[in-house]
Amino acid sequence: MIDRFGFPHLLTVTLALVATTILLGIAAKATGSGLACEANWPQCDAGPFNLFPANLPSFYEWFHRFVSMFAGFAIIGSAIAAWRLPDIDRNVAGLVVLGMVLTPVQVALGRETVTTYTMDILSLHFWTAVTIFTLFLVATVLVWAHRLTGRHVAAALVLGLVALPVHVALSPVVGSALSSYSPTMQMAQYGVTLVLLGAAIVAAMVGRRRLTGRAVIPLLAAPPIVIAVLFFGRQAINPALEVPYLVAVAVSLVSFLAGLVLTRSANATEGGADALSP
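Written as structure tokens, this is what we have:
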């Protein structure tokens, strides 16, 4: 695969598999599908070779495990390739290898979510998954950095600005008010969360490389603020944490807006300078 498509493409596919595994895990949690396995792990109730789920909840959990298996293979393959290929940046290799080291920890936590199923284990399982996703996202941005420009920074910020109100619309703040914070809403919200996190990290990393001056400040602030949105968004089912969640969203909105204005100004200045250069 590396010979045919190249390491950056392998890393991109791995990142997509990690994101898909997270979303399927959210679907399994939201539907209580892990409980359908009656504390059985790694098999559930899917018959010979675990190939035939008995019902829809079992299918959710089965499909989550099925995709996570391929994500695990891709993570291991990416780490081996990053370590062995001579032209891979050592920072990229370190990030990917760390992701591989965390993978068996994540697998063990996944087992515990079925056999024990406590909120602390579920939370640790989720944040470990987000950490692995972030490691591979940063590594992926690094290997594609030579193709990313200030225009990509602006596009990432626009994507973040669009995603923020969608995140609120799908959050427990709105879902609880409608008495319908459904599994579909939960999965969609976490999908938007990954988009938000990705947009913030891309804007910060590429902006730091391509831009200078004040434009970099809100870009660097965006990722930790989005992490706060993610943290409080998960907890906003508790009415006491709705206000911190909305405050984090508002601060994130200001950060994205300020970054977009300053980035467009920097891009315009750079474009004018290019036009005047011989």
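If you number the sequence shown the way the working numbering does, the last residue is 303 and the count never jumps. Here a beta-carbon is modelled for each residue, glycine too, at the ideal position from N, C-alpha and C.
**Request:** Return the chain-ordered list of same chain residues with a C-beta closer than 8 Å to the C-beta of residue 177, the five sequence neighbours on each side being excluded.
**Result:** Taking the sequence shown and counting its residues from 1, one reaches residue 177 at position 152. Cβ within range, chain order: 227 and 231.
**Request:** Go through its chain and collect everything with a Cβ distance to residue 82's Cβ below 7 Å, but skip five positions before and after it.
**Result:** For the purposes of this step, residue 82 is identified with residue 57 of the sequence shown, where counting begins at 1. Taken in chain order, the residues that qualify are 56, 57, 58 and 61.
**Message:** Am I right that residue 97 and residue 141 are in contact with their C-beta atoms under 8 Å? What's the rounded C-beta distance?
**Reply:** Position 72 of the sequence shown, counted from the start, is the residue given in the question as residue 97. Position 116 of the sequence shown, counted from the start, is the residue given in the question as residue 141. About 21 Å separates the beta carbon of residue 97 from that of residue 141, a gap too long to meet the 8 Å contact definition.
**Item:** At least 3 beta-carbon pairs within less than 8 Å: the stretch 259 to 273 vs the stretch 231 to 246
**Value:** No: the two stretches stay apart, fewer than three of their Cβ pairs being nearer than 8 Å.
**Message:** Between which residues of its own chain and residue 269 is the CB-CB distance below 7 Å, once the five residues before and five after are set aside?
**Reply:** What you label residue 269 is simply residue 244 of the sequence shown in a count that begins at 1. Here the set comprises 257.
**Message:** I need the straight-line Cα distance from residue 42 to residue 106, nearest angstrom please.
**Reply:** Along the sequence shown, one-based indexing puts residue 42 at 17. Along the sequence shown, one-based indexing puts residue 106 at 81. Rounded to the nearest angstrom, the two C-alpha atoms are 17 Å apart.
**Prompt:** Do residue 121 and residue 45 come within 8 Å of each other at the CB atom, strictly closer than that value?
**Reply:** Along the sequence shown, read from residue 1 onward, the residue named residue 45 stands at position 20. Along the sequence shown, read from residue 1 onward, the residue named residue 121 stands at position 96. Cβ distance not < 8 Å, so residue 45 and residue 121 don't count as in contact.
**Request:** Between the Cα of residue 116 and those of 151, 219, 167 and 282, spot the shortest distance and give me the residue it belongs to.
**Result:** Numbered from 1 along the sequence shown, position 91 holds the residue referred to as residue 116. Ranking 151, 219, 167 and 282 by Cα distance to residue 116 puts 167 first.
**Prompt:** Exposed or buried, which one is residue 53 when buried takes at least 16 other CB atoms within 10 Å?
**Reply:** Taking the first residue of the sequence shown as 1, we reach residue 53 at position 28. The residue in question, residue 53, is buried, as its Cβ has 16 or more Cβ neighbours within 10 Å.
**Exposure label - residue 144; buried when at least 16 CB within 10 Å** = One-based indexing of the sequence shown puts residue 144 at position 119. When all chains shown are included, residue 144 counts as exposed.
**Request:** Under 6 Å Cβ to Cβ from residue 181, same chain only, skipping five residues before and after it: list those, please.
**Result:** For the purposes of this step, residue 181 is identified with residue 156 of the sequence shown, where counting begins at 1. Counting only Cβ-Cβ distances below 6 Å, and skipping sequence neighbours, we find 224, 227 and 228.
**Item:** C-alpha gap between residue 31 and residue 191, whole angstroms
**Value:** Here residue 31 corresponds to residue number 6 of the sequence shown, with the count starting at 1. Here residue 191 corresponds to residue number 166 of the sequence shown, with the count starting at 1. Residue 31 and residue 191: Cα-Cα distance of roughly 35 Å.
**Proximal residues to residue 51 (C-beta, below 7 Å), its chain only, five neighbours per side dropped** = In the sequence shown, residue 51 corresponds to position 26, counting from 1. Excluding positions up to five away in sequence, the list reads 211, 212 and 215.
**Request:** Report the three-state DSSP secondary structure of residue 100 (helix, strand or coil).
**Result:** Taking the first residue of the sequence shown as position 1, residue 100 is located at position 75. Here residue 100 carries a helix assignment [DSSP, helix/strand/coil].
**Prompt:** Hey, residue 196 and residue 247: beta-carbon distance below 8 Å or not?
**Reply:** Your numbering for residue 196 matches position 171 in the sequence shown. Your numbering for residue 247 matches position 222 in the sequence shown. Inclusion of residue 196 and residue 247 in the CB contact set at 8 Å is not warranted, their separation being larger than that value.
**Prompt:** Apart from the five residues just before and just after residue 208, which ones in its own chain have a Cβ nearer than 8 Å to its Cβ?
**Reply:** Translated into the one-based positions of the sequence shown, residue 208 becomes position 183. Hits under 8 Å: 52, 55 and 56.
**Backbone secondary structure at residue 68 - three-state DSSP** = What you label residue 68 is simply residue 43 of the sequence shown in a count that begins at 1. Coil, per DSSP.
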